[in-house]
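Structure, as structure tokens:
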Amino acid sequence: MHDEPDVLWDGRDYRVEVTNETGALLFTIVMLSIDAPASNRA
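Here's what the structure looks like:
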């Protein structure tokens, strides 16, 4: 992850939809990335 972050995530939103055995949507997980500068908080 540290050396090749683009292999893990290409910057697009990532969505996982979870359904039950009949196909009814139970919940959705949406992950997104934000390109932000690193900070050193002491």
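Okay, so the sequence shown: first residue is 1 according to full-length UniProt numbering, each after it adds one.
Glycine residues also receive a C-beta, built at the ideal position from the N, C-alpha and C atoms.
Values in this document were obtained by computation on a predicted structure and should not be read as measured data.
What's the C-alpha gap between residue i and residue j?
i: Glu4; j: Asp10; result: 11 Å
i: Arg12; j: Leu25; result: 22 Å
i: Val18; j: Thr28; result: 6 Å
i: Pro37; j: Val30; result: 22 Å
Residue i bridges to which residues according to DSSP?
i: Arg12; result: In DSSP, Arg12 forms no bridge with anything.
i: Leu25; result: Thr19
i: Val30; result: Arg15
Excluding the 5 residues flanking residue i on each side, which residues of the same chain have their C-beta closer than 7 Å to its C-beta?
i: Leu32; result: Asp13
Among the residues of its own chain, which have a CB less than 8 Å from the CB of residue i, if the five just before and after it don't count?
i: Asp35; result: Gly11
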